[in-house]
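Same order as they appear, the protein sequences are chains A and B. In terms of our numbering, the first sequence opens at residue 17 and continues consecutively. In terms of our numbering, the second sequence opens at residue 10 and continues consecutively. In this text, a Cβ means the ideal position worked out from N, Cα and C, and glycines have one as well. The structure displayed is predicted, hence computed values, not measured ones. The block underneath contains the structure these notes are about, expressed in C-alpha cells.
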Amino acid sequence: MQHEIKKITRIVDEMLTMFMMTGTHEMDVRIQKEQDKTSIYFTQYGSTFDDDYIEQLENNLNIQRQCEVEGYYWQLTGENDMDEQLFLVGAMIDQVIIEKEEGKLSIELVRFNP
Amino acid sequence: MQLYQIQEKELHKEQKLLILLMFPISFMIFGIGISVYQADFNTLAKGVVDIIVSPTILLTDFLAIGGIGAAFVNAAVIGFFNLYLLAYYKLRINGLLIAAFMTVIGFAFFGKNLFNVIPIYLGGYMYTKYQRIAFKDSILVIMFATALAPIISEISFGDILPTYIALPFGIIVGIFIGFIIVPLSTQMLKFHDGFNLYNIGFASGILGTVLTSIFRSFKIEIEPVSIIYKNNSWLIVGLLIFLFCYLMIIGLYVNRHVFKHFTEVFKYKGRLVTDFTHLVGYGITFFNMGIMGLLCIIYVIMVKGVINGPVMAGIFTVVGFSAFGKHLKNCFPIVLGVFITSLVLGYDLSSTGMIISLLFSTTLAPIAGSYGIGIGIVAGMMHLMLVTNVGVIHGGINLYNNGFAGGIVAGFIIPIVDAFKRE
Chain A
17 MQHEIKKITR
27 IVDEMLTMFM
37 MTGTHEMDVR
47 IQKEQDKTSI
57 YFTQYGSTFD
67 DDYIEQLENN
77 LNIQRQCEVE
87 GYYWQLTGEN
97 DMDEQLFLVG
107 AMIDQVIIEK
117 EEGKLSIELV
127 RFNP
Chain B
10 MQLYQIQEKE
20 LHKEQKLLIL
30 LMFPISFMIF
40 GIGISVYQAD
50 FNTLAKGVVD
60 IIVSPTILLT
70 DFLAIGGIGA
80 AFVNAAVIGF
90 FNLYLLAYYK
100 LRINGLLIAA
110 FMTVIGFAFF
120 GKNLFNVIPI
130 YLGGYMYTKY
140 QRIAFKDSIL
150 VIMFATALAP
160 IISEISFGDI
170 LPTYIALPFG
180 IIVGIFIGFI
190 IVPLSTQMLK
200 FHDGFNLYNI
210 GFASGILGTV
220 LTSIFRSFKI
230 EIEPVSIIYK
240 NNSWLIVGLL
250 IFLFCYLMII
260 GLYVNRHVFK
270 HFTEVFKYKG
280 RLVTDFTHLV
290 GYGITFFNMG
300 IMGLLCIIYV
310 IMVKGVINGP
320 VMAGIFTVVG
330 FSAFGKHLKN
340 CFPIVLGVFI
350 TSLVLGYDLS
360 STGMIISLLF
370 STTLAPIAGS
380 YGIGIGIVAG
390 MMHLMLVTNV
400 GVIHGGINLY
410 NNGFAGGIVA
420 GFIIPIVDAF
430 KRE
C-alpha cells in the first residue's frame, strides 16, 4: 500500500485534533510498528468524556476497514479543524479498543499492513 | 460528533444490491417496453448503435441521439455492468458506493456508454496491477472517473483523426485516463478540502483541460455541442416518480420510525466523508434519497423544464449523493443562490443548461452545511457564474463540468471564509 507512513501520521493527526477540540489538557500518544501491523495508543488524562460520548466514539471508529474509502479519501484525514473525520479513521483501521478507568481514557487503534 | 442510535431492520449485502438492481431492471423493462409499444425494434437497435458511435461530448443527450428506448437500455446496461463489478468484488454497499452507482447510471443518459467507459476501467485495472493493490480498492474512483468517457468517443468517432487510427487512439487515451485518475483525484481533494462533493469532476476538469490543451496545440479543436431532447415524456416522469417513491417505501420498510427520525439527517454538514448509511442507517438514507429525487422532479416541472438525459443525470446524481452528504437543509441555500443569480442575470430557468446547473450546484452543499445559509447562497451564486464559463476550457470532454466549477468555487471561498472567522 502506498503512503503507509503518511496514513498513520494522518490518523494520529485526526485523533489528536478530536482530543484537543474536546478540551483535552494532557495526553500521551505512542506508536508501535510491527511486522504485520501498526498499533497507535492514545491516553487521555483527566477525561471528561461521558459514557454516551465514548459509545459514540466507539461506534464511529468501530466500523469495518473500508479500503475503497481509504484509497480515495485518506488525504482528507487530519486536514480540517471544523469537524472530525472519525469515520475516515474508522475506515482506515482494523480494530479499536477503548477503556476508561478513573479519569484515564485509553484508545488503541490497530491497522494491519496491507 | 453526533450519532443517531439506529434502530432498523438489518439488510444483508445481497438485499442492498437487489435494492439498487431495481434501477437497471426498471430501465431495461421501460426501454424495451417503449419499443414494443412503438412496435419498432429496428429503431431500438439502431438507437443503441447510434449512442455507441456518437462523439458524446457535452451536451449530447442520448434521448435525442438514440431515442427514449435506446437511452434507457444503454443506462440499464451500464447499471448492470457496474452492479456486477460491485457484486464480484464483494464491496460493502455504503453511501459512497450508492452515490457512485447513481451518478454513473444517471450519466448513462448523456455521455457514458459501454464503449467509452470500458477503457477507463481497463486503465484503472492496469494501475492497480502496477501498484500491486487490489482493484476493488480503486473501483469507486474509476466509476466516477468515467466522467472523461466523452474524450474516447470524441477521438474515436468525432472525425478529428483518420478512421484507422481514431479507434485505437481513443481507446489508448481512455486507458491512460484510467491509469492516472486515481492518484490525481486523491491529490485534488486538498484543493477544496472536501467541500466539493463531486471531487472527481474537479480532477477530471483539470485532466480534461490538460488533454484539450494538448489537442488544441496540434490544431485539433474540441468544442462543446448542444444536442438536447426537447419534449417532456410523462412516461419518463412517471417512471422516476415510481423509483423515488420506491426508495422512500424501502426506507420506511427498513426503519419504521423514519418519519419521526428523518430530521436526524439535517444534523450533518455533509462535508466529505459523510456516509449517511453509517450515520443514520439505511432506512433514513433511502428515504432521504427518495425525497430529494421527488423535489428535483417537482422543481423541473415547476419551471416548465424538460426531463431529458442531462436533467436525469442531474437528478440521479443528487439522489445518489443524498446517501453521501446531501439533504434539503444543506442544498437549499446553494440552490437559492443559483436561482437568484439566474433571475438577476436573466437566464431562462426552464432551459436544460440552467436546470442542470441548479441541480449539480448542490455539489457545494457542504459549504452551506458548514458555514450557514449566507455563505451557501454566495457559493451558489458564484457557482452559476463559473459553471457557465469553465466548460470551454476543457472543451466539453468532462461530463462533471459542475464538479469542476464547484471545486474552483470551494477552493476559492473556503480559505477566505476561514480567514475572517473568529475563534
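Apart from the five residues on each side of it in sequence, which residues of its chain come closer than 8 Å, Cβ to Cβ, to residue i?
i: LEU249 (chain B); result: GLY302, ILE306, ILE316, MET321, ILE324
i: ILE102 (chain B); result: LYS22, LYS25, LEU26, LEU29, LEU95, THR286
i: ILE107 (chain B); result: LEU29, THR286, THR294, MET298, GLY329, ALA332, PHE333
i: ASP52 (chain A); result: PHE128, ASN129
i: LEU252 (chain B); result: MET31, PHE32, SER35, GLY302
i: ILE27 (chain A); result: ILE56, THR93, GLY94, VAL105, MET108, ILE109, LEU125, ARG127
i: MET135 (chain B); result: ILE184, GLY187, PHE188
i: SER147 (chain B); result: GLY133, TYR136, THR137, VAL191
With 7 Å as the threshold, decide whether the Cβ of residue i is near any Cβ in chain A.
i: LYS199 (chain B); result: yes
i: ASP202 (chain B); result: yes
i: VAL150 (chain B); result: yes
i: VAL327 (chain B); result: no
i: SER147 (chain B); result: yes
i: VAL282 (chain B); result: yes
i: LEU352 (chain B); result: no
i: LEU105 (chain B); result: yes
In whole angstroms, what separates the C-alpha of residue i from that of residue j?
i: ASN410 (chain B); j: ALA73 (chain B); result: 20 Å
i: VAL205 (chain B); j: THR195 (chain B); result: One detail in the question is off: residue 205 (chain B) reads as Asn in this sequence, not Val. Each residue's Cα considered, the two are about 13 Å apart.
i: ILE114 (chain B); j: SER122 (chain A); result: 45 Å
i: THR272 (chain B); j: TYR380 (chain B); result: 19 Å
i: GLY106 (chain A); j: TYR277 (chain B); result: 18 Å
i: GLN18 (chain A); j: ILE417 (chain B); result: 28 Å
i: GLU230 (chain B); j: THR52 (chain B); result: 32 Å
i: LEU102 (chain A); j: VAL191 (chain B); result: 23 Å
i: PHE118 (chain B); j: ASP70 (chain B); result: 7 Å
i: TYR130 (chain B); j: ILE174 (chain B); result: 21 Å
i: ALA212 (chain B); j: LEU193 (chain B); result: 6 Å
i: ARG265 (chain B); j: LYS313 (chain B); result: 35 Å
i: PRO424 (chain B); j: ALA377 (chain B); result: 15 Å
i: GLY187 (chain B); j: PHE421 (chain B); result: 28 Å
i: ASP202 (chain B); j: GLU95 (chain A); result: 7 Å
i: ILE15 (chain B); j: GLN72 (chain A); result: 12 Å
i: VAL396 (chain B); j: HIS403 (chain B); result: 12 Å
i: GLY210 (chain B); j: LEU198 (chain B); result: 11 Å
i: THR326 (chain B); j: GLY56 (chain B); result: 24 Å
i: GLU163 (chain B); j: VAL58 (chain B); result: 15 Å
i: ARG46 (chain A); j: ARG280 (chain B); result: 30 Å
i: GLU16 (chain A); j: THR64 (chain A); result: An answer regarding residue 16 (chain A) cannot be provided, because it is not within the stretch 17 to 130 covered by chain A.
i: LEU261 (chain B); j: LEU304 (chain B); result: 18 Å
i: GLY78 (chain B); j: SER63 (chain B); result: 16 Å
i: GLY88 (chain B); j: LYS23 (chain A); result: 33 Å
i: GLN48 (chain A); j: VAL282 (chain B); result: 28 Å
i: GLU20 (chain A); j: ASN407 (chain B); result: 32 Å
i: GLY389 (chain B); j: SER370 (chain B); result: 7 Å
Determine whether the Cβ of residue i lies closer than 7 Å to any Cβ atom of chain B.
i: GLN51 (chain A); result: no
i: GLN91 (chain A); result: yes
i: GLU74 (chain A); result: no
i: GLU95 (chain A); result: yes
i: GLY87 (chain A); result: yes
i: GLU30 (chain A); result: no
i: GLU42 (chain A); result: no
i: GLU84 (chain A); result: yes
Between which residues of its own chain and residue i is the CB-CB distance below 7 Å, once the five residues before and five after are set aside?
i: SER351 (chain B); result: LEU358, MET363, LEU393
i: ILE161 (chain B); result: ASN125, PRO128, GLY179, ILE180, VAL182, GLY183
i: GLY400 (chain B); result: LEU67, PRO233, ASN410
Excluding the 5 residues flanking residue i on each side, which residues of the same chain have their C-beta closer than 6 Å to its C-beta?
i: LEU20 (chain B); result: TYR291
i: GLU86 (chain A); result: ALA107, MET108
i: LYS386 (chain B); result: Here residue 386 (chain B) turns out to be Ile, not Lys, going by the sequence shown. Cβ within range, chain order: PRO342, LEU345, GLY346.
i: GLY104 (chain B); result: ASP284, PHE285, THR286, ALA332, PHE333
i: ASN122 (chain B); result: ILE60, ILE61, ASN83
For the ligand SAH, is there a heavy atom less than 6 Å away from the beta-carbon of residue i?
i: LEU261 (chain B); result: Here there are no bound small molecules, and the ligand SAH is not part of this structure.
Return the residues of the region 102 to 129 of chain A that lie within a Cβ-Cβ distance of less than 9 Å from chain B, sorted by chain order. For the region 102 to 129 of chain A, the beta-carbon criterion of a distance under 9 Å to any beta-carbon of chain B is satisfied by LEU102, PHE103, LEU104, GLY106, ALA107.
Residues of the region 82 to 103 of chain B with a CB closer than 8 Å to any CB of chain A: list them in chain order, please. Of all residues in the region 82 to 103 of chain B, LEU100, ARG101, ASN103 have a Cβ within less than 8 Å of some Cβ in chain A.
Could I get the ranges of all uninterrupted alpha helix (DSSP H) runs contained in the region 127 to 199 of chain B, with 4 residues as the minimum, in chain order? Within the region 127 to 199 of chain B, the runs of alpha helix (DSSP H) that reach at least 4 residues and sit entirely inside it are, in chain order, 148 to 154, 158 to 166.
If you scan the region 350 to 390 of chain B from start to end, which runs of the beta strand (DSSP E) of 3 or more residues do you find wholly inside it? Runs found: none.
Unbroken alpha helix (DSSP H) runs of length 4 or more, entirely within the region 31 to 104 of chain A: which are they? Listed in chain order, the alpha helix (DSSP H) runs fully inside the region 31 to 104 of chain A are 67 to 77, 83 to 89, counting runs of at least 4 residues.
What residues in the region 51 to 73 of chain B bring their beta carbon closer than 9 Å to a beta carbon of chain A? Against chain A - using a Cβ distance shorter than 9 Å - the region 51 to 73 of chain B contributes no residues.
Using a beta-carbon distance cut-off of less than 9 Å, what residues from the region 180 to 196 of chain B approach chain A? Against chain A - using a Cβ distance shorter than 9 Å - the residues of the region 180 to 196 of chain B are VAL191, PRO192, SER194, THR195, GLN196.
Near-chain A residues of the region 113 to 145 of chain B - C-beta to any C-beta below 8 Å: Result list: GLN140, ILE142, ALA143, LYS145.
Just list the alpha helix (DSSP H) runs in the region 271 to 309 of chain B, keeping only unbroken ones of 4 residues or longer that don't cross its boundaries, in chain order. With a minimum length of 4 residues, the unbroken runs of alpha helix (DSSP H) contained wholly in the region 271 to 309 of chain B fall at 285 to 288.
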